[in-house]
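Residue numbers (the UniProt record's numbering): 1 to 290.
For each residue, glycine too, the CB sits at the ideal point set by N, CA and C.
From a predicted model like this one, the values you see are computed outputs, not experimental measurements.
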């Protein structure tokens with residue numbers, strides 16, 4: 001299978017998340033019918049698979065925003081790890097249904113603001129619906145891409161993101177923009193998928209793997225190097241979730257075999273990915289002004 005170009009990657013990601021948002025807005029659960037093979041959407045009862053990457057990331061007792069939680073497609077819980085303080089301004093890159101923005105708004109309190117940025121109008125509609133239902137006043141959502149953030153220089157204290165940067169075809173631009181919008185001394189604190197070793201080049205062109213956060217992921221060392229090149233200091237990666245064979249088999253069941261390279265079975269794809277990636281929390285700082 002040929003590699004996807006940047007335009008195809010963005011279109012595939014946007015359609016996947018737009019479909020998920022439409023289902024959520026229609027009060028349906030965004031399961032396999034939004035992302036998986038058509039065969040799973042046939043007649044008869046449907047058992048929606050639990051995504052081993054996105055499932056079980058939040059303490060539901062501490063997450064009162066049920067609708068936003070149901071629409072979450074992340075790979076971590078950056079708001080629990082970013083150590084947000086009252087009065088801070090926070091930007092969530094790729095805010096989706098708004099869960100992390102709403103949680104951040106609650107943590108920074110009325111003297112702070114949580115901003116959400118997303119390129120998918122359907123997701124912004126869903127996020128605003130969730131904000132209104134949650135009664136959150138200090139949050140707002142903006143349309144735009146994470147490669148060209150529509151916010152002024154030095155306008156926020158913290159940049160968070162949840163399994164989105166790996167979906168960008170220009171990660172250097174994303175990190176430069178994150179650095180630009182942070183105030184001196186600001187923090188970069190994101191959850192993302194990182195590669196622990198290389199995966200077969202042929203798998204990087206698989207649409208389902210791009211929209212599912214794997215094949216666009218950086219090697220852990222490359223992620224740190226790109227943060228440094230953007231100007232960040234004190235960068236570090238903390239692995240938060242590794243995936244055993246059962247989890248990989250579950251992911252394999254959610255792929256469309258027709259998307260795989262010629263001659264590769266789902267079992268082959270799972271074997272190729274075993275031990276290759278993990279969810280991680282990535283931290284870095286913008287230096288204080290000299």
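Helix, strand or coil, according to DSSP, for residue 304 in the structure here? Lying before the first or after the last residue shown, residue 304 is absent from the chain, which here runs from 1 to 290.
Beta-carbon proximity check, residue 281 vs residue 195, cutoff 7 Å: Cβ distance not < 7 Å, so residue 281 and residue 195 don't count as in contact.
Run through DSSP, which three-state label would residue 84 get? coil
Whether or not the segment 124 to 139 and the segment 147 to 157 are in contact is what I'm after, with contact meaning three or more pairs of Cβ atoms, one per stretch, closer than 8 Å; do they touch? no
Who does residue 145 pair with in a DSSP beta bridge? 148
Under 8 Å: do the segment 168 to 178 and the segment 229 to 236 share three or more Cβ pairs, one atom per stretch? Cβ pair count under 8 Å is three or more, so yes.
Between the CA atoms of residue 124 and residue 182 - distance to the nearest angstrom: Taking the straight line from one Cα to the other gives about 23 Å.
Helix, strand or coil: how does DSSP classify residue 113 here? strand
How big is the Cα-Cα spacing for residue 85 and residue 106? 10 Å
Tell me the rounded alpha-carbon separation between residue 179 and residue 273. 32 Å
Measuring alpha carbon to alpha carbon, tell me which residue in 102, 87, 88 and 89 is nearest residue 77. 102
How should residue 160 be labelled, buried or exposed, when 16 other C-beta atoms within 10 angstroms of its C-beta is the threshold for buried? buried
Residue 175: first and last residue of the uninterrupted alpha helix (DSSP H) it sits in: Taken as a continuous stretch (DSSP letters only), the alpha helix (DSSP H) holding residue 175 covers 171 to 181.
Taking all protein chains shown into account, do 16 or more other C-beta atoms lie within 10 angstroms of the C-beta of residue 177, making it buried, or fewer, making it exposed? Buried is the label assigned to residue 177, since at least 16 other Cβ atoms lie within 10 Å of its Cβ.
Between which two residues does the beta strand (DSSP E) holding residue 203 run? Run containing residue 203: none; DSSP gives neither H nor E here.
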